[in-house]
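*Asks:*
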């Protein structure tokens, strides 16, 4: 087969899988709690800076993971407690509050690191040859890791006791509370899971993109599109949203050019909002 | 230079609100704070948005020049007072500021270091009422009344460097990639003529939406299959970083050279050492450019701002030349009368960070450099002395 087509096909796979992982944290927070977290991109940025700090100190790359979990976790707990808890079930208010949070986080990053670009070295450099093509090793690794992460979360959500409790909380909070489930703790835990997932997404993409305070803006729009198109509250929705948005963008960009790809994404999102506002996989 | 999809409406809202508040409260304060006979310069630089990365350097370089001018007696005996104003948002915001500066502050002159879209809007707003000096790199062709350009032109940036890539490095086929706005398109238009003059060919010309969250896997894959000898890059900022990292990530840096037209110190730090092999840049200033003038400029710069001095590079250091150009222009014209300034501009000489520049046709002939990226440092490979701007505007 034509190596160009094979490579572009893997590019599509890469676009879809990384977008699914980057949208995962938002899917948890927006999809399950109904909180429109505009600061999602900033948590990705924090993860990316954690990767940068790790490298600047000469620690092994994997050390970025615990660092991100601690930082995004603590921040998630504080934000949920101070800002989100009084605003549950008021989606527009959470949107404005988290927008303010995104500005604050960006400014804090700017105050600490400045506006300059930082680059993080790729932990698995080089390319590998297969199927007659050459593809960057780290990107291949990300494809595998992304699918594994999503699959892992699906299995956990479907089978664990906590997963069951979250589903109970989402479908009927009062009844869940009556059953002795602590809604408050569960919601807080769900929010923190979301911020941590966003941070981990940042650690994953940090070596591939310019790390700077504004980088979160690149992700927040696309990840919201994923959820709009896919539908809230289910893994099938997340994956189909990522497949449509990431896949369509990548395929059109490969077939014609990047402008058409971006145009296609915008048109698709508008069409979905207009004709199918609940997304491909609507929750019952 | 870019503004993201999420940004403009909010920034606009905030900007308007803040401007409204400032409008009500400030003018009285400002008037008392500045002496009546100060020579006021409206300095358009990026204070917000992603391009605000350059803001601190732009401001510092202009302040250094203003301090030197003031020590030497100011402009026509008047002390220079800079009024830094944001040009990092949408052009319409900058034009509003320009009107306010002209009516409220009664500025004597404008200096601008920002993108071409904002320059076009400002030229249309200022209408030549106040002299306007434009400083960074640009696509050429600006001959508006009472407007003076000290920026690098395509003739200066592209002709020597691309000719070198084709003649000395033997590049025959060129792939063009840029952001979709006036500067990249005009640069490529110029480059295409030059490439055919030299018997080369353009393999493809491609643009990505300006200010969108672009990614480059598909484009890099396409370049790989097109197998050009060199890639001419007119991407800016984060897109430039992103493209070059993806390019090297896919292993293309081994066989294909790259010439970038807006690659300065900050951008190269983002590209990183592992992605900067076989990457070239062409501009009139680098922080480590040779020459006594730059040495002197840097000494003064670091003496004034110390260890925390903002990163030096072309975008920023251009403002130093801008302020000195203002002094030379207004001194020779004996004031800011438009006709007199237009006539006086021909042949004025002033100090830039890179050395003395002389104005012809309201543009500047200058020494250009071709730099090879060694890790995250520029190594000057070629020096092209006294390159003509290729632009001639009537006096």
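Chains as they are written, first to last, in my numbering: chain A, 839 to 1122; chain B, 62 to 456.
Beta carbons are placed, not taken as given, at the ideal position from N, Cα and C, and that holds for glycine.
1. Decide if the region 1061-1068 of chain A is in contact with the region 954-962 of chain A; the criterion is three or more beta carbon pairs, one per stretch, under 8 Å apart.
2. Tell me, which residues are paired with residue 136(B) by DSSP?
3. Compare the Cα-Cα distances from residue 433(B) to each of 146(B), 147(B) and 324(B) and report the closest residue.
4. Looking at C-alpha atoms only, which residue of 413(B), 415(B), 379(B) and 394(B) is the closest neighbour of residue 456(B)?
5. Do you know whose CA, among 930(A), 935(A), 906(A) and 905(A), lies nearest residue 919(A)'s CA?
6. Mapping the DSSP letters down to three states, classify residue 220(B) as helix, strand or coil.
7. Are there 16 or more other CB atoms within 10 angstroms of the CB of residue 134(B), so buried, or fewer, so exposed?
8. Counting only C-beta atoms, is residue 92(B) closer than 8 Å to chain A at any point?
9. Given that a residue counts as buried once 16 or more other Cβ atoms are within 10 Å of its Cβ, and exposed if not, what is residue 1028(A)?
10. For a test of the three-state rule: what should DSSP assign to residue 203(B), helix, strand or coil?
11. Whole-angstrom Cβ separation of residue 217(B) and residue 448(B), contact assumed at under 8 Å?
12. Closest Cβ-Cβ distance between residue 349(B) and chain A: below 8 Å?
13. Taking the beta carbon of residue 98(B) as the centre, do at least 16 other beta carbons fall within 10 Å, making it buried, or is it exposed?
14. Give me the subset of the region 253-279 of chain B whose CB atoms are less than 7 Å from a CB atom of chain A, sorted by chain position.
15. By alpha-carbon positions, which one of 285(B), 224(B), 195(B) and 121(B) ends up nearest to residue 257(B)?
16. So residue 886(A) and residue 1032(A) are in contact, right, with Cβ under 8 Å, and what is the actual spacing, rounded?
17. Are the region 386-405 of chain B and the region 143-155 of chain B in contact at 8 Å, needing three or more beta carbon pairs?
18. Let me confirm a value: residue 63(B) is counted as buried when at least 16 other C-beta atoms fall within 10 Å, else exposed. Which label applies?
19. Indicate whether residue 1078(A) and residue 849(A) have their beta-carbon atoms separated by less than 8 Å.
20. Going by beta-carbon coordinates alone, are residue 991(A) and residue 862(A) separated by less than 8 Å?
21. Quick one: list the residues of chain B neighbouring residue 931(A), beta-carbon separation under 8 Å, in chain order.
22. DSSP three-state call for residue 878(A): helix, strand or coil?
23. State the Cα-Cα distance for the pair residue 232(B) and residue 291(B), rounded to the nearest angstrom.
24. What residue from 412(B), 128(B) and 236(B) has the CA that sits closest to residue 289(B)'s CA?
25. Given 8 Å as the limit, is there contact between the region 1010-1029 of chain A and the region 979-999 of chain A, that is, 3 or more CB pairs closer than that?
26. In whole angstroms, what separates the C-alpha of residue 1037(A) from that of residue 1051(A)?
27. Based on Cα-Cα distance, which residue from 974(A), 1102(A), 945(A) and 969(A) lies nearest to residue 270(B)?
28. Can you list the residues of chain B that residue 972(A) reaches, using a CB-CB cut of under 9 Å?
29. Could you work out which residue in 978(A), 1058(A) and 1083(A) is closest to residue 933(A) when comparing CA atoms only?
30. On the DSSP letters alone, give me the boundaries of the beta strand (DSSP E) that residue 369(B) sits inside.
31. Could you tell me the boundaries of the alpha helix (DSSP H) in which residue 308(B) lies?
32. Assuming contact is defined by CB atoms lying nearer than 8 Å, are residue 282(B) and residue 301(B) in contact in what I supplied?
33. Can you round the beta-carbon distance between residue 364(B) and residue 415(B) to whole angstroms, since I take them to be within the 8 Å contact cut?
34. What separation, rounded to the nearest whole angstrom, lies between the Cα atoms of residue 246(B) and residue 387(B)?
35. Distance, Cα to Cα, residue 1002(A) vs residue 903(A)?
36. Should residue 954(A) go down as buried or exposed, given a rule of 16 or more other Cβ atoms within 10 Å for buried?
*Replies:* Based on what the coordinates show:
1. no
2. 139(B)
3. 324(B)
4. 394(B)
5. 935(A)
6. helix
7. exposed
8. For residue 92(B), the pLDDT reaches just 44, beneath the cut-off of 50, and the residue's location in the model is therefore unreliable, leaving the point undetermined.
9. buried
10. coil
11. 5 Å
12. no
13. exposed
14. 267, 268, 269, 270, 273, 274, 275, 278 and 279
15. 224(B)
16. With 8 Å as the limit, residue 886(A) and residue 1032(A) do not qualify as a contact, their Cβ atoms being about 17 Å apart.
17. no
18. In this prediction, residue 63(B) has a pLDDT of 40, which is less than 50 and means its spatial position is unreliable; what the coordinates show is noted afterwards. Answer is buried; the Cβ neighbour count reaches 16.
19. no
20. yes
21. The premise fails here: residue 931(A) is roughly 16 Å from chain B at the closest Cβ pair, so nothing lies under 8 Å.
22. helix
23. 6 Å
24. 236(B)
25. no
26. 14 Å
27. 1102(A)
28. 285, 311 and 312
29. 1058(A)
30. It is not in any beta strand (DSSP E) - residue 369(B) carries neither H nor E in the DSSP assignment.
31. 298-310
32. no
33. So it is not a contact: roughly 19 Å between Cβ atoms.
34. 30 Å
35. 27 Å
36. buried
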